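Have a look at the structure below before the remarks.
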Amino acid sequence: MNQNSPNDFPESSVEPGFNFAYLDEQTKRSIRRSILKAIAIPGHQIPFSSREMPMSYGWGTGGIQLTAAVIGQKDVLKVIDQGADDTSNAVNIRRFFRKVCGVATTEKTSTATLIQTRHRIPETPLKEGQIIVYQVPIPEPLQWLQPSTKETKKMHALEDYGAMYVKLYEDITKYGHIATAYDYPVMVSDRYLMSPSPIPRFDNPKMNMNPALQLFGAGREKRIYAVPPYTKVTSLDFADYPFTVQRWDKACEFCGSQTSYLDEVVIDDAGARMWICADTDYCQERKKCRLG
Amino acid sequence: MSYVAVKGGEQAIANAEDLLKSLRRGDENVPEIDLAQIDQQMSLAVDRVMAEGSLYDRELAALAIKQSWGDLVEAIFLLRAYRTTLPRLYYTKPLDTSEMQIQRRISAIFKDLPGGQYLGPTYDYIHRLLDFKLLAEGEKPIAPKSIPSLEKIPQAVNTLAQEGLIQPEIPLTPEPTPFDLTRQPRKFPASRDARLQNLARADEGFLLSLAYSTQRGYGKNHPFAGEIRMGEVEVVIFPEELGFEVAIAQITVTEVQMVNQFKGNQDLPPQFTRGYGLTFGYNERKAMSMALVDRAMGAEELGEPVTAPAQNIEFVMSHSDNVEAQGFVQHLKLPHYIDFQAELQMIRQIRQEQIPHEPELPK
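Those protein sequences? They're chains F and A, same order as listed.
Numbered per our numbering, the first sequence spans residues 1 to 292.
Numbered per our numbering, the second sequence spans residues 1 to 363.
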């Protein structure tokens with residue numbers, strides 16, 4: 001039972017009385033087994049026995065469990081929410097891992113070994129050896145078309161994704177566009193339809209042939225899935241209605257970027273707005289380069 | 001920059017926690033509530049938190065209630081988050097509820113029956129009038145002398161079983177390892193052991209409403225309260241290294257056996273069917289609701305049409321857990337501005353494209 005003994009890390013920030021990364025070793029091992037399975041079948045959802053975490057379901061417990069299962073003492077952790085390191089939820093999750101692991105944390109995408117994210121993929125390209133963990137609310141891309149897991153499991157097994165194409169087609173006839181702005185469905189390795197999590201479709205192309213390992217955790221729905229490094233990920237589209245990403249006719253007010261995903265910030269009561277990079281680290285690095 | 005509304009540093013989070021702690025304590029002139037008071041005087045709240053928190057520990061449940069400012073769903077969440085860190089040492093032997101030391105036992109299907117009827121401590125026949133005497137403190141009510149039943153009281157439903165009038169519950173041989181909801185992923189179709197585990201820790205309010213919906217015709221199955229019993233049972237483990245059984249605790253449970261109508265089909269003659277409810281502590285409303293929903297979820301196996309929410313196993317099991325539900329509903333408080341920006345962009349784009357076409361609309 002010494003696997004469950006409280007850790008004895010010297011770091012003063014580490015909360016006594018809990019195992020390294022909160023979960024006990026057996027649980028972490030069982031999650032890692034599911035991760036391996038998920039990596040072996042890219043894009044396929046693997047059920048896992050998700051645990052209660054000291055944060056609420058829907059607030060990143062899937063991602064937190066994946067991070068807890070793979071994190072080691074030498075890891076450097078970055079946590080973002082909406083692309084920013086300073087949103088309350090990102091701060092809180094980072095604080096949690098400092099408390100239960102005492103690992104180093106960073107805001108720099110390039111120095112992180114492990115990145116947990118909600119709703120964004122960093123603008124700075126990821127590298128080999130990095131792991132990005134996505135927090136996923138609804139892992140099943142077919143959920144809105146078919147709420148029963150029993151049925152969607154069958155559809156995945158038979159690669160029966162016609163319903164999704166019909167939905168996209170209906171969008172085009174109604175709006176002249178595919179009207180999915182985020183959580184835009186992708187095909188992984190030409191086999192499994194997958195939810196990229198609610199990232200804006202702007203980020204979808206970053207998943208394709210990414211050198212980093214991409215892990216997806218849905219705590220409440222108890223599913224893990226993965227995209228191994230250098231895996232083909234394509235966003236669904238039609239030959240005459242190709243997939244497109246969001247573009248702004250503005251540049252970031254702070255760093256002047258014309259290619260990053262921009263946040264719209266309301267700055268007064270008269271409806272004035274400004275646009276700034278959603279990715280705070282990317283924006284700061286660019287500002288530094290401009291000044292230096 | 002003054003747009004920091006959605007962004008908050010560690011200091012803001014720490015301040016929020018301190019503010020909450022201080023409001024929770026309230027006016028310092030009022031004595032602080034202690035765990036023994038919660039345990040003794042808010043015993044039913046403790047029972048609910050233990051049942052839905054899936055951890056039988058009165059002190060920790062009382063602590064969770066104190067810490068959660070009296071918010072029971074929050075207390076349940078605290079207890080669950082704690083229990084998940086505990087190692088699994090043994091599985092207990094099945095509880096033998098026929099050996100229960102009865103505090104309450106009633107059956108609605110027989111006027112009298114072997115073992116008798118014991119009302120026990122119940123609100124059932126009390127007029128719900130505010131008791132203004134309780135405004136004053138210092139009341140010392142005296143419990144009436146009751147003769148604790150020492151004899152083993154048989155299950156009322158067995159009377160029907162002897163005649164073969166009720167669906168038999170035959171243990172499978174060899175006894176399969178029960179599904180463990182806390183260690184295995186939920187899967188559909190779900191077996192009955194998984195269903196019952198889910199119901200046992202399900203939100204009381206959710207089950208109550210679902211049970212009620214079956215009584216109002218959404219998955220009707222004519223229930224009768226075959227037996228409701230509440231009391232203490234022994235929890236026994238069998239450590240293989242010792243080679244004998246060891247009683248590790250005595251816990252209070254509420255057990256409900258519902259008797260339901262079933263008209264029969266090609267394979268089964270008309271007979272009564274069962275709905276089963278069991279909860280930690282004295283949790284009768286929850287245990288009854290559980291038994292009704294358990295029976296409703298058996299519809300498919302009995303060849304009944306599945307039309308109502310309570311009969312839909314996947315629907316019930318996926319939405320019954322209040323720790324999951326409260327989290328996901330409340331996650332809407334988290335920033336969503338990235339996705340909102342994407343939607344905003346799309347709506348603007350579609351509107352822009354539609355506006356020039358407006359004059360061409362058919363007249």
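Just so you know, even glycine gets a beta-carbon here, dropped at the ideal spot from N, CA and C.
Small disclaimer: the values here were computed from a predicted structure and weren't measured.
### Query
Quick one: Cα of MET1 (chain F) to Cα of PHE262 (chain A), how far?
In the first sequence, counting from the first residue as 1, residue 1 (chain F) sits at position 1. In the second sequence, counting from the first residue as 1, residue 262 (chain A) sits at position 262. Reliability fails at MET1 (chain F), whose pLDDT of 32 lies under 50, so the model's placement of it is uncertain and no value is given.
### Query
Buried or exposed: where does THR177 (chain A) fall if 16 or more other Cβ atoms within 10 Å of its Cβ makes it buried?
For this step, residue 177 (chain A) is matched to residue 177 along the second sequence. So THR177 (chain A) counts as exposed.
### Task
Consult DSSP for SER68 (chain A) and reduce its assignment to one of helix, strand or coil.
Taking the second sequence and counting its residues from 1, the one referred to as residue 68 (chain A) is at position 68. Here SER68 (chain A) sits in coil by DSSP.
#### Entry: chain A contact for ARG247 (chain F) (CB, 7 Å cutoff)
On the first sequence, position 247 is the one that residue 247 (chain F) refers to. ARG247 (chain F) does not count as touching chain A.
### Message
Quick check on the DSSP output: the alpha helix (DSSP H) that includes ARG33 (chain F) runs from which residue to which?
### Response
Start at 1 with the first residue of the first sequence, and residue 33 (chain F) comes out as number 33. 25-40 is the extent of the alpha helix (DSSP H) around ARG33 (chain F).
### Message
So for VAL76 (chain F), helix, strand or coil by DSSP?
### Response
Reading the first sequence from its first residue, position 76 is the one you call residue 76 (chain F). DSSP places VAL76 (chain F) in strand when its eight states are reduced to three.
### Contact under 7 Å by Cβ, ILE224 (chain F) with PHE96 (chain F)
In the first sequence, counting from the first residue as 1, residue 224 (chain F) sits at position 224. In the first sequence, counting from the first residue as 1, residue 96 (chain F) sits at position 96. Going by C-beta atoms, ILE224 (chain F) is not nearer than 7 Å to PHE96 (chain F).
### Message
Beta-carbon within less than 8 Å of MET207 (chain F)'s beta-carbon, same chain only, minus the 5 sequence neighbours each way: which residues are those?
### Response
On the first sequence, position 207 is the one that residue 207 (chain F) refers to. Excluding residues within five positions, the ones whose Cβ falls inside 8 Å are ILE121, VAL186, PRO196, GLN214, VAL227 and VAL233.
### Task
Check each residue of the region 62-82 of chain F: if its Cβ is closer than 8 Å to any Cβ of chain A, include it; give the result in chain order.
ASP81 and GLN82
#### Entry: Distance CB(CYS295 (chain F))-CB(PHE254 (chain F)) smaller than 7 Å
Since the first residue of chain F shown is 1 and the last is 292, residue 295 (chain F) is not available in this structure.
### Message
So that I know if they touch, is there some Cβ in chain A lying closer than 7 Å to that of LYS222 (chain F)?
### Response
By 1-based counting over the first sequence, the position of residue 222 (chain F) is 222. For LYS222 (chain F), the answer is yes, since a Cβ of chain A falls inside 7 Å of its Cβ.
### Query
Starting from PRO205 (chain F) and walking both ways along the beta strand (DSSP E), at which residues does that stretch end?
Counted from its first residue, the first sequence places residue 205 (chain F) at position 205. Looking at the DSSP string, PRO205 (chain F) is not in any beta strand (DSSP E); the run it does join, the alpha helix (DSSP H), is 204-207.
#### Entry: Beta-carbon proximity check, PRO117 (chain F) vs VAL76 (chain F), cutoff 7 Å
Reading the first sequence from its first residue, position 117 is the one you call residue 117 (chain F). Reading the first sequence from its first residue, position 76 is the one you call residue 76 (chain F). The identity of residue 117 (chain F) in the sequence shown is Thr, whereas the question assumes Pro. Against a cut-off of 7 Å, the Cβ pair of VAL76 (chain F) and THR117 (chain F) comes out as no contact.
### Message
Let me check understanding here. Comparing Cα to Cα, which of A:ASP193, A:ASP47 and A:GLN41 lies closest to LEU172 (chain A)?
### Response
Position 172 of the second sequence, counting from 1, holds the residue named residue 172 (chain A). LEU172 (chain A) has its Cα closest to that of A:ASP193, out of A:ASP193, A:ASP47 and A:GLN41.
### Query
For the region 77-110 of chain A, which residues have a CB atom closer than 8 Å to at least one CB atom of chain F, in sequence order?
PHE77, ARG80, ALA81, ARG83, THR84, THR85 and PRO87
### Message
Contact criterion: CB-CB distance below 7 Å. Does GLN184 (chain A) meet it with respect to chain F?
### Response
Looking up residue 184 (chain A) in the second sequence gives position 184. With 7 Å as the cut-off, GLN184 (chain A) counts as an interface residue toward chain F.
### Task
Determine, using beta carbons only, whether LEU210 (chain A) comes closer than 7 Å to chain F.
Looking up residue 210 (chain A) in the second sequence gives position 210. For LEU210 (chain A), the answer is no, since every Cβ of chain F falls outside 7 Å of its Cβ.
### Task
Verify whether the separation of the beta carbon atoms of ALA21 (chain F) and PRO139 (chain F) is less than 7 Å.
Numbered from 1 along the first sequence, position 21 holds the residue referred to as residue 21 (chain F). Numbered from 1 along the first sequence, position 139 holds the residue referred to as residue 139 (chain F). Their beta carbons are not under 7 Å apart, which means ALA21 (chain F) does not touch PRO139 (chain F) by this criterion.
### Query
Around the C-beta of GLN11 (chain A), are 16 or more other C-beta atoms found within 10 angstroms, so that it is buried, or is it exposed?
Walking along the second sequence from the start, residue 11 (chain A) turns up at place 11. Exposed: under 16 other Cβ atoms inside 10 Å.
### Query
Helix or strand or just coil, what does DSSP make of MET55 (chain F)?
Looking up residue 55 (chain F) in the first sequence gives position 55. Of the three classes helix, strand and coil, the one that applies to MET55 (chain F) here is coil, per DSSP.
### Query
Is it the case that the Cβ atoms of ILE35 (chain F) and GLY60 (chain F) are separated by a distance below 7 Å?
What you label residue 35 (chain F) is simply residue 35 of the first sequence in a count that begins at 1. What you label residue 60 (chain F) is simply residue 60 of the first sequence in a count that begins at 1. The answer is no: Cβ separation not under 7 Å.
### Query
If you check the beta carbons only, do TYR57 (chain F) and ARG191 (chain F) fall under 7 Å apart?
Indexing the first sequence from 1 puts residue 57 (chain F) at position 57. Indexing the first sequence from 1 puts residue 191 (chain F) at position 191. No. Outside cutoff.
### Query
chain F partners of LYS187 (chain A), CB-CB under 8 Å?
Taking the second sequence and counting its residues from 1, the one referred to as residue 187 (chain A) is at position 187. Near LYS187 (chain A) (Cβ distances below 8 Å), the residues of chain F are PRO47.
### Task
Using only alpha-carbon positions, find the residue among A:ARG25, A:LEU63 and A:ALA202 that is nearest to ASP39 (chain A).
For the purposes of this step, residue 39 (chain A) is taken as residue 39 along the second sequence, with counting starting at 1. Here the closest residue by C-alpha is A:LEU63.
### Task
Could you name the residues of the region 335-358 of chain A whose beta carbon sits closer than 8 Å to any beta carbon of chain F, in the order they occur along the chain?
PRO335, HIS336, TYR337, ILE338, ASP339, GLN341, ALA342, GLU343, LEU344, GLN345, MET346, GLN349, ILE350 and GLU353
### Residue-level contact to chain A via CB, TRP59 (chain F), 7 Å cutoff
Taking the first residue of the first sequence as position 1, residue 59 (chain F) is located at position 59. Cβ-Cβ to chain A under 7 Å: yes for TRP59 (chain F).
### Query
On the premise that VAL103 (chain F) lies in contact with ILE71 (chain F), defined as a C-beta separation below 8 Å, what is that separation, rounded to the nearest angstrom?
Here the question's residue 71 (chain F) lines up with position 71 in the first sequence. Here the question's residue 103 (chain F) lines up with position 103 in the first sequence. The pair is a contact, with the Cβ atoms about 6 Å apart (cut-off 8 Å).
### Query
Which residue's Cα is closest to the Cα of ALA143 (chain A): A:ASP131, A:PRO121 and A:LYS152?
Mapped onto the second sequence, residue 143 (chain A) falls at position 143. Of the candidates A:ASP131, A:PRO121 and A:LYS152, the one whose C-alpha sits nearest the C-alpha of ALA143 (chain A) is A:PRO121.
#### Entry: Distance between beta carbons of GLU52 (chain A) and ARG201 (chain A), contact taken as under 8 Å
Translated into positions along the second sequence, residue 201 (chain A) becomes position 201. Translated into positions along the second sequence, residue 52 (chain A) becomes position 52. Their Cβ separation, rounded to whole angstroms, is 5 Å, which keeps ARG201 (chain A) and GLU52 (chain A) in contact under 8 Å.
### Residues that LEU262 (chain F) bridges to, as DSSP identifies them
Within the first sequence, residue 262 (chain F) is the residue found at index 262, counting from 1. The partner list for LEU262 (chain F) (beta bridge, DSSP) reads F:CYS277.
### Message
On the DSSP bridge list, what partners appear for ALA249 (chain A)?
### Response
Along the second sequence, one-based indexing puts residue 249 (chain A) at 249. Looking at the DSSP assignment, ALA249 (chain A) forms a beta bridge with A:VAL235.
### Query
Mapping DSSP to helix, strand and coil, what is PRO309 (chain A)?
As a working note, residue 309 (chain A) is residue 309 in the second sequence. Helix.
### Query
Alpha carbon to alpha carbon, how far is GLU15 (chain F) from LYS99 (chain F)?
Here residue 15 (chain F) corresponds to residue number 15 of the first sequence, with the count starting at 1. Here residue 99 (chain F) corresponds to residue number 99 of the first sequence, with the count starting at 1. Their backbone Cα atoms lie some 5 Å apart in a straight line.
### Query
Can a CB atom of chain F be found closer than 7 Å to the CB of PHE328 (chain A)?
Counting from one through the second sequence, the residue named residue 328 (chain A) turns up at place 328. Chain F, which has a Cβ nearer than 7 Å to the Cβ of PHE328 (chain A), makes this yes.
### Message
Which residues in chain F have a C-beta closer than 7 Å to the C-beta of VAL323 (chain A)? List them in chain order.
### Response
The count along the second sequence starts at 1 and reaches residue 323 (chain A) at position 323. What VAL323 (chain A) touches in chain F: GLU52 and TYR57.
### Query
Between the region 284-304 of chain A and the region 215-230 of chain A, are three or more C-beta pairs nearer than 8 Å?
yes
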